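Okay, so the sequence shown: first residue is 165 according to the numbering used here, each after it adds one. Comments concern the structure below.
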Amino acid sequence: MLAKGKGSVVPSDGQAREKLALYVYEYLLHVGAQKSAQTFLSEIRWEKNITLGEPQPFMSPQ
Numbered sequence: 165m166l167a168k169g170k171g172s173v174v175p176s177d178g179q180a181r182e183k184l185a186l187y188v189y190e191y192l193l194h195v196g197a198q199k200s201a202q203t204f205l206s207e208i209r210w211e212k213n214i215t216l217g218e219p220q221p222f223m224s225p226q
């Protein structure tokens, strides 16, 4: 989403990208793909520390 007339990214876009990146990273770790998770972070040039919380509902055993 672009701000009117400015061509800049709306802050919520950045937040959505960050949330999606964390979701993908957590999923890769959950399925046992640690190397892929690290590669993913380097590919998207992630520079923040990640603190994992509770697994997402879809990751919980049924």
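All residues carry an ideal CB built from backbone N, CA and C; glycine is no exception. Since the model is a prediction, treat every value here as computed from it, not as a measurement.
Just the Cα atoms here: how many angstroms apart are residue i and residue j?
i: A180; j: L205; result: 16 angstroms
i: G178; j: Q198; result: 25 angstroms
Skipping 5 residues on each side, what residues in its chain have a beta carbon closer than 6 angstroms to that of residue i?
i: L186; result: none
i: S200; result: L192
Using C-beta distances below 7 angstroms, list every residue in its chain close to residue i, excluding the 5 sequence neighbours before and after it, in chain order.
i: T203; result: none
i: I208; result: A185
Could you name the residues of the same chain whose beta carbon sits closer than 8 angstroms to that of residue i, not counting the 5 residues immediately before and after it, in chain order?
i: V188; result: F204
i: V216; result: A small correction: the amino acid at residue 216 is Leu; Val does not occupy that position in the sequence shown. Contacts found: E190, L193.
Ranges of the alpha helix (DSSP H) found wholly within the segment 175-206, counting only runs of at least 4: 175-194
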